[in-house]
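Enquirer: Sequence positions in the sequence shown follow mature numbering (1 follows the signal peptide of the UniProt record, and there is no 0) and run -20 to -1, 1 to 396.
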Amino acid sequence: MHGFFTLWLLFHLGFKLGLAAPFIEDCPHDSKLDEDHCICNPESCVKPPCLTELEVHKKGTDEPGSCCPIYSCIGCKNETLLEGKCPCAPGAVLNEKGICKCIDKERHLVNGECVCNPQQCELPKICDRKSLLTTIEDGCCRKTRCVPCPQDSESTNLDTDELEDHCVCLPCMNDCGFNKTVVVKKKGTGFPGNCCDLYECKPIVDEKDKDCVVGDIIYENGEEWSTDDKQQCRCKNGISLCAKKAEEAVLQNCFDEAVMYKHNETWLKDRGCTFCTCLNGEPVCISHYCDVKESQIKENNSAPCFRDTKMFAHLQSWTEENECTVCTCYNGEEKCNSKPCGEKEISNIGSTCWITLSILVVFILVIVVIGIIFCFYKNKKKYSVTPSRGSYHSVLSPTSENNNTIKKDSIRFDNE
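1) Let me check understanding here. Comparing Cα to Cα, which of Asn21, Val194 and Asp177 lies closest to residue 398?
2) Helix, strand or coil for residue 397 per DSSP?
3) Between Cys25 and Val95, what straight-line distance do the alpha-carbon atoms span, to the nearest angstrom?
4) Quick check on DSSP: helix, strand or coil for Phe356?
5) Where DSSP assigns a beta bridge to Leu113, which residues make up the other side?
6) Grab the span of the beta strand (DSSP E) containing His88 for me, first residue to last.
7) Can you give me the start and stop residues for the beta strand (DSSP E) that Gln99 sits inside?
8) How many Å lie between Lys39 and Pro49 at the Cα?
9) Do Thr41 and Cys56 have their beta-carbon atoms positioned less than 8 Å apart in this structure?
10) Alpha carbons only, please: which of Asp118, Lys110 and Asp145 is nearest the one belonging to Asp132?
11) When the Cα atoms are used, what is the spatial distance from Cys234 to Phe255?
12) Can you give me the Cβ contacts of Pro2 inside the same chain, cut-off strictly under 7 Å, excluding the 5 residues immediately before and after it?
13) Taking the beta strand (DSSP E) that Gln211 falls in, what are its first and last residues?
14) Let me make sure I understand the geometry here. Which of Gly168, Asp84 and Val348 has the alpha-carbon closest to that of Cys149?
15) Under three-state DSSP, which class holds Leu337?
16) For Cys156, which residues from the same chain have a beta carbon less than 7 Å from its beta carbon, with the 5 sequence-adjacent residues on both sides left out?
17) In this structure, how does DSSP classify Phe158 when only helix, strand and coil are distinguished?
18) What is the rounded straight-line gap between the Cα of Ser206 and the Cα of Lys224?
19) Specify the secondary structure class of residue 397 as computed by DSSP and reduced to three states.
20) Keeping to the same chain, check which residues put their C-beta closer than 7 Å to that of Ser297; ignore five residues upstream and five downstream.
21) In its own chain, which residues sit with a C-beta less than 7 Å from the C-beta of Leu13, not counting the 5 before and 5 after it?
22) With DSSP as the reference, label Val230 as helix, strand or coil.
23) Run the CB neighbour count on Val272, radius 10 Å, all protein chains shown included, and call it buried at 16 or more, exposed below.
24) Could you compute how far the alpha carbon of Ile54 sits from the alpha carbon of Gly45?
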């Protein structure tokens, strides 16, 4: 009874105190408390910064909360507008209350500049076991993202900065249950996304159930047989698969050096320097170079290349129809290289020019030699006399010692 009375007294006194001192909320930033109510405080009204010119957008009143006038920045160039407003500071504009605020929400204004505000950054996320925590730099803050791991893996969640979290494979479970067996379709690599084998479960079948029954005959699984209507059948897991035989073309054999070869059969001759293939009764052979020393001659078992109806031996080269592509056979595989056709044309023009020039020089030399021979015979005929029936002698008259004169030469013919 005494305890109940004490509680009632405390409650009654607290109730009266609450009525005597009512709770008063804080005054707005532009006002102050005067006795029991708020009044405007002119000293709290400060002009905001502006890079150009301030203009009163809305006048102040006597009502706390709207005591100060609201300003706006005007007079800036269009290329300097931020969100359609003139900036009050680099990267900041005046909001609807006339306060200069940075456009980037992660920054705040300090000494007229927008600087990063760590308090505005979002808290790091907490990822579950199936997601990988990643961190990226985005502006002022380091942001975290949860990237899901593949279904066959989970995150390490090491909770340390020394080692980076990554996805690791979960244990593989290859269980098909009772009376079923695991059939692997594709082997896994052990990496997230392809950790385990791809398999399917098939019922366990008795070997006898895989046999095929055709009439009174039982064929084992995998056994083949022919029917009366010329069908080829095969037993596969208890099912008879039959199809008509394709009419096989009669391919002729080849005879070379008293030896018979079947169609598509290949052989070497000439001490391994000639490669031959039987093509429906016709031996097609290609010779290639061999070393001079017989001890170095090695049998070439490389596969040839086939292009249309032609066969090319290993390491044999040929030129395509466009004459700009050269191909070489490498053990049954064609490897081709193309070159600009202009090079060939220039080479042909150069060769033609040299041939023409050589012919012209030879022709000129022949003309010169003929001219020299002709002139030689012509001069010889001019300075020689062919005797007929006698010979001529030059007779010099004796000279006179008195008058020192010389008489004219005379010619005397002596008959034989």
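Note that CB positions come from ideal geometry on N, CA and C, so glycine has one too. Computed from a prediction, not measured in an experiment: that's the story for all the values here.
Expert: Reading it off the structure:
1) The first residue shown for the chain is -20 and the last is 396, placing residue 398 beyond what the model contains.
2) The shown model of the chain, from -20 to 396, leaves out residue 397, and the question about it has no answer.
3) 25 Å
4) helix
5) Cys126
6) Arg87 to Val90
7) From DSSP, Gln99 is part of no beta strand (DSSP E); its letter is neither H nor E.
8) 4 Å
9) no
10) Lys110
11) 14 Å
12) Any reading at Pro2 must be qualified, since the residue scores a pLDDT of 49, below 50, and its modelled position is unreliable; the value itself is stated next. Same-chain partners within the cutoff: there are none.
13) Gln211 to Lys216
14) Gly168
15) helix
16) Val162 and Cys181
17) coil
18) 9 Å
19) This structure leaves residue 397 out entirely; the chain is present only between -20 and 396.
20) Val306, Cys307 and Thr308
21) Cys7
22) coil
23) Reliability fails at Val272, whose pLDDT of 44 lies under 50, so the model's placement of it is uncertain and the value that follows must be treated cautiously. So Val272 ends up on the exposed side.
24) 25 Å
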